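Position one of the sequence shown corresponds to residue 67 (this note's numbering), numbered consecutively onward. Scroll down for the structure; my scribbles are underneath it.
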Amino acid sequence: MSKFLDFLNKNGLRYTLVDEENASFIIDLDNLEVVNNDGLKFNIRYSDELINKVLKKLFEDDCKYLILNNNFYRENAYFYKHFTFETTCGITVMVLPVEYGGLEIFVFRTILNIINRNYVSFENGYLVTSMNLYKVSRERKLIGIYDPILDTMEIIADEKN
67 MSKFLDFLNK NGLRYTLVDE ENASFIIDLD NLEVVNNDGL KFNIRYSDEL INKVLKKLFE
127 DDCKYLILNN NFYRENAYFY KHFTFETTCG ITVMVLPVEY GGLEIFVFRT ILNIINRNYV
187 SFENGYLVTS MNLYKVSRER KLIGIYDPIL DTMEIIADEK N
């Protein structure tokens, strides 16, 4: 929380912590959600439908995500758990809006954009940004990049093939 408040200060945003009923924005970092006083809700993650659509494009069999995988240690795992999934095809996949290592600053910038009423990264309350897809086993490997706006998938070739 202190890193986020420092980020807001560095970006010139003046804020006051108030009770929920008096708030212009309610920021829930546990669930990566922001609600403004107009009742608009923004989920700083991808919709279930979009994740399953991408998994279907990436893997030939009918691979869907089962559960969030938050039983792993990664740097800044606090946010990564919202973007890492166990799948029905036995593969753990990270679906990130930025390259690995940049998620925390992405989340902070996205919240700042919402506060500044810039909703361009959202559709129906969920992210619609480019997706970096990583296969996670002993190490993390970039396997594809998906653009939900253009509905295009770039498969990253395996060096062995």
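Glycine residues also receive a C-beta, built at the ideal position from the N, C-alpha and C atoms. Please read these numbers as outputs of a predicted model, since none were measured by experiment.
Going by CA-CA distance only, name the one from the options that's closest to residue i.
{"i": "residue 115", "options": "220, 176 and 189", "result": "189"}
{"i": "residue 208", "options": "215, 219 and 178", "result": "219"}
{"i": "residue 87", "options": "221, 105, 97 and 71", "result": "105"}
{"i": "residue 32", "options": "176, 204, 144 and 195", "result": "This structure gives no information on residue 32, because the portion of the chain shown stretches from 67 to 227."}
{"i": "residue 37", "options": "89, 119, 146 and 82", "result": "The shown model of the chain, from 67 to 227, leaves out residue 37, and the question about it has no answer."}
Using a Cβ-Cβ cut-off of 8 angstroms (strictly less than) and excluding sequence neighbours within five positions of residue i, which residues of its own chain qualify?
{"i": "residue 217", "result": "none"}
{"i": "residue 178", "result": "73, 74, 77 and 79"}
{"i": "residue 154", "result": "128, 129, 130, 131 and 132"}
{"i": "residue 206", "result": "160, 166 and 200"}
{"i": "residue 15", "result": "No statement about residue 15 is possible, as the shown extent of the chain runs from 67 to 227 and does not include it."}
{"i": "residue 117", "result": "131, 151 and 161"}
{"i": "residue 67", "result": "95"}
{"i": "residue 186", "result": "179"}
{"i": "residue 221", "result": "124, 209 and 210"}
Since residue i and residue j should fall inside the 8 angstroms C-beta cutoff, what is the C-beta to C-beta distance between them, to a whole number of angstroms?
{"i": "residue 111", "j": "residue 149", "result": "7 angstroms"}
{"i": "residue 271", "j": "residue 108", "result": "The question about residue 271 has no answer here: the residues shown for the chain are numbered 67 through 227."}
{"i": "residue 84", "j": "residue 212", "result": "With a Cβ gap of about 39 angstroms, residue 84 and residue 212 do not count as contacting."}
Suppose the cutoff is 7 angstroms on Cβ atoms and the five residues either side in sequence are ignored; what does the same chain contact list for residue i look like?
{"i": "residue 94", "result": "none"}
{"i": "residue 125", "result": "155"}
{"i": "residue 174", "result": "70 and 73"}
{"i": "residue 81", "result": "74"}
Tell me which residues share the same chain as residue i and place their Cβ nearer than 6 angstroms to its Cβ, disregarding the 5 neighbours each side in the sequence.
{"i": "residue 122", "result": "none"}
Quiz item: Okay, do the stretch 157-171 and the stretch 195-214 touch, 3+ Cβ pairs below 8 angstroms being the bar?
Solution: Touching, per the Cβ criterion.
Quiz item: For the stretch 115-179, which segments carrying the beta strand (DSSP E) assignment without a break, of at least 3 residues, lie completely within its bounds, in sequence order?
Solution: Within the stretch 115-179, the runs of beta strand (DSSP E) that reach at least 3 residues and sit entirely inside it are, in chain order, 131-134, 150-153 and 158-162.
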